[in-house]
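Numbering follows UniProt numbering, with no gaps: position 14 of the sequence shown is 14. Just so you know, even glycine gets a beta-carbon here, dropped at the ideal spot from N, CA and C.
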Amino acid sequence: MRDYKLVVLGAGGVGKSCLTVQFVQGVYLDTYDPTIEDSYRKTIEIDNKMISLEILDTAGVAQFTAMRELYIKSGMGFLLVYSVTDRQSLQELMDLREQVLRIKDMDRVPMVLVGNKADLTEERAISVEEGIEVSSNWGKVPFYETSALLRSNVDEVFIDLVRQIIRNELEAVSAPATPKAQTKSEAPVQDRSAGQSKNVPSAAKAKQQPAKAAATRSRNPPSTETKKKSKKRGPCRIL
């Protein structure tokens, strides 16, 4: 059984704990108690595989940012939660996402964008279209609107996140090996006159050497002794 660590991030009061407890225990928390750190465990079957989840419900207040960095370092996937009734909570997610990418040192990290409290229609301040736009700007990360009260899309956001982690693991295993380093025999020969590297085949070098020798012979004129000997020779007599 594989173990996966998920981290729930977002501003204070957006319903992170309500989502997590509803997913793990099937209970709705109707009172607000600011969280410092809560950890939950749940075993779930996803795509015919038994998965053990550790879910970290993090603090949404600024004074616990140092602890948040530790959660991000150890986390494998992230739920970024805002409230559809609070525009500022969506703005805070922009900085949280950048913090996740910086700490993980990756361009893409398993992540789900969650607009919670979708049941509060009369208090809504952020439209569905705005959530979709943010998702697109983030590289089309999965986006859901949820209601912890009605248990709407609660299971889906966690399952989607786990599937992203599994997919990343499979892609890492099937990734092609890096090409081996160039050997000495294949190393480029430096052409100093042009200041560029050129691969000169050894066979071409061998052909160039006889040509140079022939050119040298053609430039050397015959000696004077050879000329004199040719002049002393008389005509041949026929007997």
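Secondary structure remark: continuous beta strand (DSSP E) runs of at least 3 residues inside the region 29-97, in chain order: 37-46, 49-58 and 77-83. Val109 and Arg102 have their alpha carbons spaced roughly 10 angstroms apart. Met106 has no beta-bridge partner at all, per DSSP.
For Phe143, the pairing in a beta bridge is given by DSSP as Leu113. Annotation for Leu9: the continuous beta strand (DSSP E) segment containing it runs Arg2 to Gly10. Residue burial annotation: Arg68 is buried, with at least 16 other C-beta atoms found within 10 angstroms of its C-beta.
For Ser152, the secondary structure class from DSSP, reduced to helix, strand or coil, is strand. The beta carbon of Phe143 is closer than 7 angstroms to those of Leu113, Gly131, Ile132 and Ser135 in its chain, skipping five residues each way along the sequence. Taking a cut-off of 8 angstroms on C-beta distances, the region 145-156 does not touch the region 92-106, as fewer than three cross pairs fall below it. With at least 16 other beta carbons inside 10 angstroms of its own, Tyr82 counts as buried. Going by beta carbons, Val7 and Leu53 fall outside the 9 angstroms limit.
Inter-residue distance for Asp155 and Lys5 is about 16 angstroms (C-alpha atoms, whole angstroms). When secondary structure is reduced to three states using DSSP, Leu161 falls in the helix class. Within the same chain, and ignoring the five residues on either side of Val128 in sequence, the residues whose Cβ sits closer than 8 angstroms to its Cβ are Gly115 and Glu145.
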